[in-house]
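In my numbering, the protein residues as written are 213 to 401.
Comments concern the structure below.
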Ligand code: SF4
């Protein structure tokens, strides 16, 4: 997490260049279904907060999708609270921290859930397709799938970072917001 700010209009572009697969997947599902279940709203919402999305912009962003599904009145009544809660503006006023890879990998997403870590929770076919979508193929792709088979999910994610950014990532990926900020560093260099 860093001091940079992101704006709702930049999210799709940033997802293509700098979001790890777990967050790309949730954005895609949110755009497709105009909805994410609680686990997804937490994992993705806190990631966006960590990436620099301000509270007001977060409400705008989530409302623009959810209102297409449940209407803006119901959004304001049932969902806006949860977003403000994530920013520490409601309830216990805790400032919630974005989830680490370890926490995301150990989640147990149900059938209609889209949170979790794709390296851990996708079947091989879906993972192949998702990585192809990121432009990863050939030896790089096989190497990543090999790490997944050996349950080295963060290593698989690190190799995806390296394949898509053309640099080595010696520290390894251990947090989605670290993936994001390392990516921004590479792209802005
Ligand atoms: Fe997301 Fe971490 Fe899994 Fe990468 S290893 S997809 S950053 S949870």
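Glycine included, each C-beta is placed from N, C-alpha and C at the ideal position.
Keep in mind that this is a model prediction, so the values were computed, not measured.
I need the DSSP call for residue i, collapsed to helix, strand or coil.
i	result
residue 282	helix
residue 218	strand
residue 265	strand
residue 259	helix
residue 250	helix
residue 302	coil
residue 341	helix
residue 323	coil
residue 294	helix
residue 309	coil
Just to confirm the assignment, what range does the alpha helix (DSSP H) spanning residue i have?
i	result
residue 237	233–245
residue 313	313–317
residue 355	350–361
residue 373	365–377
residue 387	Segment: none, residue 387 is in no alpha helix (DSSP H) and carries neither H nor E.
residue 331	330–333
residue 227	223–230
Since I believe residue j is in contact with residue i (beta carbons under 8 Å), could you give me their beta-carbon distance rounded to a whole number of angstroms?
i	j	result
residue 410	residue 263	An answer regarding residue 410 cannot be provided, because it is not within the stretch 213 to 401 covered by the chain.
message: Does the structure place the stretch 267–276 close enough to the stretch 288–299 that three or more beta carbon pairs sit under 8 Å?
response: Taking a contact to require three or more Cβ pairs closer than 8 Å, the stretch 288–299 and the stretch 267–276 qualify as touching.
- request: Could you say if the stretch 277–293 and the stretch 226–239 meet the contact criterion of at least three C-beta pairs nearer than 8 Å?
  value: Touching, no, given that fewer than three Cβ pairs across the two stretches are closer than 8 Å.
- prompt: For the stretch 317–326 against the stretch 246–253, are there 3 or more C-beta pairs whose distance is under 8 Å?
  reply: Yes, the stretch 317–326 is in contact with the stretch 246–253.
query: Within the chosen definition, does the stretch 377–388 reach the stretch 338–352 through at least 3 CB pairs nearer than 8 Å?
result: Touching, no.
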